[in-house]
Amino acid sequence: MLAEALKEHQQRQAAEKIYDDRLRRETESKLNALADSLADTVNVGVASAFASEQAIEAETKRLQAGIMTYQKQTKMWLGKIAEVNDALKELGDIQTWSQAIERDMKDICLVIEKVHGVGSDS
Numbered sequence: 211m212l213a214e215a216l217k218e219h220q221q222r223q224a225a226e227k228i229y230d231d232r233l234r235r236e237t238e239s240k241l242n243a244l245a246d247s248l249a250d251t252v253n254v255g256v257a258s259a260f261a262s263e264q265a266i267e268a269e270t271k272r273l274q275a276g277i278m279t280y281q282k283q284t285k286m287w288l289g290k291i292a293e294v295n296d297a298l299k300e301l302g303d304i305q306t307w308s309q310a311i312e313r314d315m316k317d318i319c320l321v322i323e324k325v326h327g328v329g330s331d332s
């Protein structure tokens, strides 16, 4: 009887150990699946952030290239405007020069007229 009780107890312990081992394996499996699922969720977020970062970097490079082009065009236009300003100054100088020559020519004509007596009744 005692031997039977001991045998029964040992069988129950063996059955419980098998049950506990099965539960431990199932729990480990489910925890691993949960960990994998969480890691996948985090990885999706990380991958999305990485893709966004790459897109931002590409857009930044495109904008920098556009800015460089704009700067070159701006410098070119500033140069053209400076050339136009210089040309206008030269035109002003030519106008002043031609007015000075015209005055000088009038003075010369007056002197020649006075020397030859043109315009006088003498």
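Following my numbering, the numbering of the sequence shown begins with 211 at its first residue and continues without gaps.
Glycine included, C-beta positions come from ideal geometry on N, C-alpha and C.
Between which two residues does the alpha helix (DSSP H) carrying residue i extend?
| i | result |
| --- | --- |
| Gly302 | Leu212 to His326 |
Please tell me whether, using a cut-off of 7 Å, the distance from the CB of residue i to the nearest non-hydrogen atom of the ligand SAM is below it.
| i | result |
| --- | --- |
| Val252 | The ligand content of the structure shown is nil, which means the ligand SAM is not present either. |
Using the rule of at least 16 other Cβ atoms within 10 Å of the residue's Cβ for burial, across every protein chain shown, is residue i buried or exposed?
| i | result |
| --- | --- |
| Ser332 | Per-residue confidence for Ser332 stands at a pLDDT of 48, beneath the threshold of 50, marking its modelled position as unreliable; the derived number appears in the next sentence. Ser332 comes out exposed. |
| Cys319 | exposed |
Any Cβ of chain C within less than 8 Å of the Cβ of residue i?
| i | result |
| --- | --- |
| Ala259 | In the structure shown, chain C does not exist; there is a single protein chain. |
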